[in-house]
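Let me begin by presenting the structure, written as structure tokens, before commenting on it.
Chains as they are written, first to last, in this note's numbering: chain X, 1 to 310; chain Y, 311 to 714.
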């Protein structure tokens, strides 16, 4: 737990934890609203969004990429809604049509443009690259107080920290509205809560979280972060507030354990190379969900007898 | 000839022709088997199944290498992917059935976790066979470069088997897709048919891994079915139209990709399918957007015409500009809004129709008949001539417009 840890592991772990929390918070509401797969759609359209942003601006930098991806998510949500209404198609199929098409367009544009000298490649976008986000200038814990070393922190860290903070504060600010609108949209409308705007805002927030986490963990594994911790939390309690706390705990646990297993696990087995941290985080969150499915105190559906649920 | 035509006529080389035929077969199989998934409203299960193939590919590679093999045998990799895809499928089913989580959460969880595990395995393989390019990343987005004849044979045989299975299972699967409870009452094992349906989808996914990759194979299962649904209301036709849409997009996509460099096959196939989808969404005869707009305009015109004529009959002035334009175009009113001779005749006819309906609704308590009164349907469409004669008898003689 010395200088090496600060240099190589501290920032990836923090980025992983912030990403996991930022995704898990909106994930709670998406799951309860039966919109879990919006996360799936969003994570797939992040790639075309980033590619188009790169094409327009010609630079790889954070702000245009974030905007591009968030824009793509908004476009995807609107197009899904349009296809659903115009074609009278059920939501799952509408989503499937839209996000796969946008993803295909993204891959095609990416292959067409000469991006060989720039740092986006498809595999990276899909799998993430948490390990590479190390803090070169760190020499130990004291570097945390050293402004010149702090200035060389990977930019992904403050970015995801800010997004995480925004997501947390949005959740706190809109807590009452979210709670009411999630469980009873009609009642929420009757109270004068703009429920559909709130639902759209939730999706946009999820998109922003997905984009910020995309840097670190890639676009597909974000889905696991959206769904697994909240789903596991859902099986632990009947109270929304407790569910949120559980999901944050599960998200943090999967990020830390996932990184540790990926970075140090292979060494325990005598291998020399670390494995993908993002993939391991998803796997750990899946194991947590599996355990919750088997032993969670509130795992069964109301109305199912004990024998049937067992 | 230009490269596109060459490729279209399978003259662009051995490999390109192989890919084009394979893609067409795969597209047909995916389109027809994906139809049931769509009709059962479980389209996105295929997304989870597709992503769940990745760890299987990795495990199969590791097992084959540790047994001293090459590790790149397509059959072995596909077998491995089928096993984990099946496990993923059963897990979704189990979670949705035994816990309070909804199916969408189960789909998302399985998708993310299996894909993550697959990525972990890929990184293990990269370090394991240092220096040796395993090329397993090709399964993510498909890679058709260097496709072997035997790969194409696998796709062809697998695709044909999937189509055959679709044809054999079409009746029970249709029944389950439309009314699973009725199917259960008929003695079908709904759960088994669901699993068979998913098994079929999984087979297509696995076959398509090499060609379009696991992320985009979902599109080949969903888009053709959704597209075909626009063109017909009959389930047996949806299957084959979807197959045709899938086959055409597979073929055209592969051809386009062969006609120029840096055009990846998988995305192009999906984009061709998406193009057909958009065309269908807009221009399909009954369910398309254009058809709906035209239908709406016609309805609007009928309402305006009828209301305009009723106003003429009652000698009310018409102020609605659209109504006036409509009546003028038909020569029923003059430019100053005064009815022409035909206009007066038509107005009298409509007014009589309306009065007949009034009588009809007094006389007939049968909602099945009078319920069809919507202010637009001519009474002749609902009642017989002698019934109408009876209404006329109760009405009294005709009254000229203007003498009301």
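Ideal placement from N, C-alpha and C gives every residue a C-beta, glycine not left out.
Would residue 105 of chain X count as contacting chain Y if we go by Cβ distances under 8 Å? With 8 Å as the cut-off, residue 105 of chain X counts as an interface residue toward chain Y.
Residues of the stretch 585-597 of chain Y with Cβ closer than 8 Å to any Cβ of chain X, in chain order: Cβ proximity to chain X below 8 Å picks out 587, 591 and 597 from the stretch 585-597 of chain Y.
C-beta atoms of residue 521 of chain Y and residue 454 of chain Y nearer than 8 Å: Their beta carbons are under 8 Å apart, which means residue 521 of chain Y touches residue 454 of chain Y by this criterion.
Enumerate in chain order the residues of its own chain whose CB-to-CB distance from residue 425 of chain Y is below 7 Å, with the five nearest sequence positions on each side excluded. Cβ within range, chain order: 361 and 364.
Does residue 300 of chain X come within less than 8 Å of chain Y when only Cβ atoms are used? Residue 300 of chain X counts as touching chain Y.
Counterpart residues of residue 643 of chain Y in DSSP-defined beta bridges: Looking at the DSSP assignment, residue 643 of chain Y forms a beta bridge with Y/649.
As assigned by DSSP and simplified to three states, the class of residue 502 of chain Y: Here DSSP, grouped into helix, strand and coil, assigns residue 502 of chain Y to helix.
My output table needs one value for residue 206 of chain X: the three-state DSSP class, helix, strand or coil. Annotated three-state conformation of residue 206 of chain X is helix, per DSSP.
Does any CB atom of chain Y fall closer than 8 Å to the CB of residue 18 of chain X? For residue 18 of chain X, not one C-beta of chain Y is nearer than 8 Å to its own C-beta.
Does the stretch 678-694 of chain Y come within contact of the stretch 663-670 of chain Y, defined as at least 3 CB pairs closer than 8 Å? Verdict: yes, contact present.
Going along chain X in order, which residues have a C-beta closer than 8 Å to the C-beta of residue 410 of chain Y? Near residue 410 of chain Y (Cβ distances below 8 Å), the residues of chain X are 234, 235, 298, 299, 300, 301 and 302.
Could you check the C-alpha separation between residue 67 of chain X and residue 621 of chain Y for me, to the nearest Å? Spanning the two alpha carbons is a distance of roughly 56 Å.
Report yes or no: is there a C-beta of chain X within less than 8 Å of the C-beta of residue 658 of chain Y? Not an interface residue.
Local Cβ density within 10 Å of residue 326 of chain Y, reported as buried at 16 or more and exposed below that: Counting of Cβ neighbours within 10 angstroms places residue 326 of chain Y among the buried residues, the total reaching 16 or more.
Can you tell which of X/177, X/61 and X/55 has the C-alpha that lies nearest to the C-alpha of residue 155 of chain X? Minimum Cα-Cα distance from residue 155 of chain X among the listed residues X/177, X/61 and X/55 corresponds to X/61.
Identify every run of the alpha helix (DSSP H) within the stretch 565-593 of chain Y, keeping only runs that are complete inside it and at least 4 residues long; order them along the chain. DSSP runs (the alpha helix (DSSP H)) wholly in the stretch 565-593 of chain Y: 575-593.
Within its chain, find whatever has a CB closer than 6 Å to the CB of residue 214 of chain X; leave out the 5 residues flanking it on each side and keep chain order. Correct list, in chain order: 46.
Between residue 525 of chain Y and residue 587 of chain Y, which are expected to be in contact by the criterion C-beta below 8 Å, what is the C-beta distance as a whole number of angstroms? Incorrect: roughly 18 Å between the Cβ atoms, too far for contact.
According to the Cβ coordinates, are residue 462 of chain Y and residue 318 of chain Y closer than 8 Å? With contacts defined as CB atoms closer than 8 Å, residue 462 of chain Y and residue 318 of chain Y fail to qualify as a contacting pair.
Answer with yes or no whether the minimum CB distance from residue 164 of chain X to chain Y is below 8 Å. No, its Cβ sits nowhere closer than 8 Å to a Cβ of chain Y.
Please specify which runs of the alpha helix (DSSP H), each continuous and at least 4 residues long, are wholly inside the stretch 676-700 of chain Y, giving them in chain order. The stretch 676-700 of chain Y contains these whole alpha helix (DSSP H) runs: 677-680.
Straight-line Cα distance separating residue 282 of chain X from residue 249 of chain X: Residue 249 of chain X and residue 282 of chain X: Cα-Cα distance of roughly 15 Å.
Coarse secondary structure for residue 73 of chain X, derived from DSSP in three states: Three-state result, residue 73 of chain X: helix.
Quick one: Cα of residue 316 of chain Y to Cα of residue 337 of chain Y, how far? So the alpha carbons of these two residues sit roughly 21 Å apart.
On the criterion of 16 or more Cβ atoms from any shown chain inside 10 Å, does residue 385 of chain Y qualify as buried, or is it exposed? Note on residue 385 of chain Y: under 16 other CB atoms within 10 angstroms of its CB, so exposed under the neighbour-count rule.
In terms of residue numbering, what span does the alpha helix (DSSP H) encompassing residue 605 of chain Y cover? Boundaries of the alpha helix (DSSP H) around residue 605 of chain Y: 599-623.
Going along chain X in order, which residues have a C-beta closer than 7 Å to the C-beta of residue 415 of chain Y? Proximity of chain X to residue 415 of chain Y at the Cβ level (cut-off 7 Å) is accounted for by 31, 36, 227 and 231, in chain order.
Taking the continuous alpha helix (DSSP H) assigned at residue 234 of chain X, which residues delimit it? Taken as a continuous stretch (DSSP letters only), the alpha helix (DSSP H) holding residue 234 of chain X covers 221-234.
Can residue 429 of chain Y and residue 39 of chain X be called in contact, C-beta distance under 8 Å? Taking 8 Å as the Cβ cut-off, residue 429 of chain Y and residue 39 of chain X do not qualify as a contacting pair.
Using a Cβ-Cβ cut-off of less than 9 Å, give me the residues of the stretch 422-438 of chain Y that come near chain X, in sequence order. Against chain X - using a Cβ distance shorter than 9 Å - the residues of the stretch 422-438 of chain Y are 422, 423, 424, 425, 426, 427, 428, 429, 430, 431, 432, 433, 434, 436, 437 and 438.
Closest Cβ-Cβ distance between residue 146 of chain X and chain Y: below 8 Å? Chain Y contact via Cβ: absent.
With H, G and I counted as helix, E and B as strand and the rest as coil, what does DSSP make of residue 260 of chain X? Of the three classes helix, strand and coil, the one that applies to residue 260 of chain X here is helix, per DSSP.
Tell me whether residue 297 of chain X sits in a helix, a strand or coil according to DSSP, three-state version. If DSSP states are grouped into helix, strand and coil, residue 297 of chain X belongs with coil.
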